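Asker: Residue numbers (the numbering used here): 10 to 98.
We put the beta carbon where it would ideally sit given N, CA and C, even for glycine.
Here the structure is a predicted model, which means the values were calculated and not measured.
Have a look at this one before I ask anything.
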């Protein structure tokens, strides 16, 4: 807040893929614990931080330049809503 900045945490997967992939492999993550910590960070840094699940690397490489270009105009926008409901191209 003191730097007048915003942090986008871009996750190159979707929530459904994270849940699905957690069932495979030798180690399972404690997803409720992870979701809880994400909510805590979102509340702690309200208005300056947003987690974005892009669905994959290609979507992330398309989104990040747009985030940088539009800057603070997007700080009050729920980007996940638009990613989930609209075509971002």
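Closer than 8 Å by C-beta to residue 26: which residues in its own chain qualify, once you throw out the five before and the five after it? Chain order, please.
Answerer: Locating residue 26 in the chain shown gives position 17, counting from the first residue. So the list reads 64, once near-sequence residues are dropped.
Asker: Assign residue 18 to one of two classes, buried (16 or more other C-beta atoms within 10 Å of its C-beta) or exposed (fewer than that).
Answerer: For the purposes of this step, residue 18 is taken as residue 9 along the chain shown, with counting starting at 1. When all chains shown are included, residue 18 counts as exposed.
Asker: Mind listing, in chain order, the continuous beta strand (DSSP E) runs of no fewer than 3 residues lying wholly within the stretch 41 to 79?
Answerer: Runs found: 58 to 62.
Asker: Would you mind sorting residue 62 into buried or exposed? The rule is 16 or more other CB atoms within 10 Å of its CB.
Answerer: Translated into the one-based positions of the chain shown, residue 62 becomes position 53. With 16 or more Cβ atoms within 10 Å of its Cβ, residue 62 is classed as buried.
Asker: With DSSP run on the structure shown, which of helix, strand or coil describes residue 17?
Answerer: Taking the first residue of the chain shown as position 1, residue 17 is located at position 8. Three-state DSSP puts residue 17 in a strand.
Asker: How do the stretch 23 to 37 and the stretch 72 to 84 stand: do at least 3 beta-carbon pairs fall below 8 Å, yes or no?
Answerer: Segments in contact, no.
Asker: Pull up the distance between the alpha-carbon of residue 45 and that of residue 95, whole angstroms please.
Answerer: Taking the chain shown and counting its residues from 1, the one referred to as residue 45 is at position 36. Taking the chain shown and counting its residues from 1, the one referred to as residue 95 is at position 86. C-alpha separation (whole angstroms): 27 Å.
Asker: Specify the secondary structure class of residue 81 as computed by DSSP and reduced to three states.
Answerer: Counting from one through the chain shown, the residue named residue 81 turns up at place 72. Helix.
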